[in-house]
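Enquirer:
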């Protein structure tokens with residue numbers, strides 16, 4: 322193992338996940354979802370805590386792994402709104418939230434296609450938006466994030482390095498190009514203060530000015 326690979330593994334294992342998150346991760350894999358890594362989860366929790374987030378919008382629920390990390394970092398009265406088009410994912414996410422002792426008043430699970438749901442979300446109503454869903458639709462999700470985020474709010478794009486392919490200009494498959502363009506947009510936008518974190522499969526973080 323190279324020193325860099327050893328360092329990355331150390332980062333992923335730095336904050337161990339609890340039993341309930343591990344169970345949610347196993348459920349996600351069984352369902353065919355791709356849960357965030359422990360390193361990404363710890364990053365989401367930290368960012369939610371730094372922001373003192375009370376209203377978080379998550380696009381892509383899975384089996385609740387990322388939601389559990391976010392809820393642990395959010396303000397105690399914070400509400401997580403999470404959208405997914407797979408009702409089965411929501412069933413398992415609810416189980417995970419209940420197992421973690423999360424009040425039902427702190428979660429709002431919306432079933433449906435995100436691009437149908439997002440136009441109904443309140444403008445400027447969210448402290449944080451987490452994008453972890455269909456890559457081909459991610460640019461449209463980002464457009465909605467600009468609208469629903471309050472000034473000073475944070476947008477997070479998970480899998481921003483897309484299987485370590487974004488950094489290689491020779492990689493031109495559709496999903497890689499989408500993630501590369503999202504990173505370029507955030508880097509060049511006057512609306513955001515961005516950073517790209519090499520944790521998990523990459524996390525793009527940008528604070529709205």
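Residue numbers (the working numbering): 322 to 530. Every residue gets a Cβ at the ideal spot worked out from N, C-alpha and C, and that includes glycine.
Do residue 312 and residue 406 have their CB atoms nearer than 8 Å?
Expert: This structure gives no information on residue 312, because the portion of the chain shown stretches from 322 to 530.
Enquirer: Using a 10 Å radius around the Cβ and a threshold of 16 neighbouring Cβ atoms, would you call residue 524 buried or exposed?
Expert: So residue 524 ends up on the buried side.
Enquirer: Terminal residues of the continuous alpha helix (DSSP H) containing residue 498?
Expert: Here the alpha helix (DSSP H) through residue 498 covers 495 to 509.
Enquirer: Which class does residue 460 belong to by DSSP, given the choice of helix, strand or coil?
Expert: In the structure shown, residue 460 sits in a helix (DSSP, three-state: H, G or I).
Enquirer: If you draw a straight line from the C-alpha of residue 480 to the C-alpha of residue 521, how long is it?
Expert: Roughly 7 Å separates the two Cα atoms.
Enquirer: Quick check on residue 472: does DSSP put it in helix, strand or coil?
Expert: Strand, per DSSP.
Enquirer: Can you give the beta carbon distance from residue 438 to residue 470, rounded, assuming they're within the 8 Å contact cut?
Expert: Going by Cβ atoms, the distance from residue 438 to residue 470 rounds to 16 Å, so no, they are not a contact pair.
Enquirer: Give me whichever residues DSSP pairs with residue 405 in a beta bridge.
Expert: In DSSP, residue 405 forms a bridge with 432.
Enquirer: Suppose only complete runs of 3+ residues qualify. What are the beta strand (DSSP E) ranges in the segment 364 to 394, listed by chain order?
Expert: Entirely contained in the segment 364 to 394, the beta strand (DSSP E) runs reaching 3 residues are, in chain order, 376 to 380.
Enquirer: Whole angstroms are fine: how far does the CA of residue 526 sit from the CA of residue 366?
Expert: The straight-line gap from Cα to Cα measures roughly 13 Å.
Enquirer: Looking only at C-alpha atoms, which of 430, 463 and 353 sits nearest to residue 402?
Expert: It is 430.
Enquirer: Please go through the same chain and pick out, in chain order, the residues whose beta-carbon is closer than 8 Å to the beta-carbon of residue 459, but skip the five residues on each side of it.
Expert: So the qualifying residues of the chain are 452, 478, 499, 500 and 503.
Enquirer: Quick one: what's got a C-beta closer than 8 Å to residue 408's C-beta in the same chain, skipping five residues either side?
Expert: Counting only Cβ-Cβ distances below 8 Å, and skipping sequence neighbours, we find 432.
Enquirer: Cβ atoms of residue 336 and residue 363: under 8 Å apart, would you say?
Expert: Closer than 8 Å, so yes.
Enquirer: According to DSSP, simplified to helix, strand and coil, what is residue 447?
Expert: It is a strand residue.
Enquirer: Hey, could you find the ends of the alpha helix (DSSP H) residue 348 is sitting in?
Expert: Residue 348 -> alpha helix (DSSP H) spans 340 to 352.
Enquirer: Go to residue 326, then tell me how far its alpha helix (DSSP H) extends in each direction, as first and last residue.
Expert: From DSSP, the alpha helix (DSSP H) with residue 326 extends over 324 to 334.
Enquirer: Compare the beta carbon distance of residue 341 and residue 417 with 8 Å and say whether it is the shorter of the two.
Expert: Closer than 8 Å, so yes.
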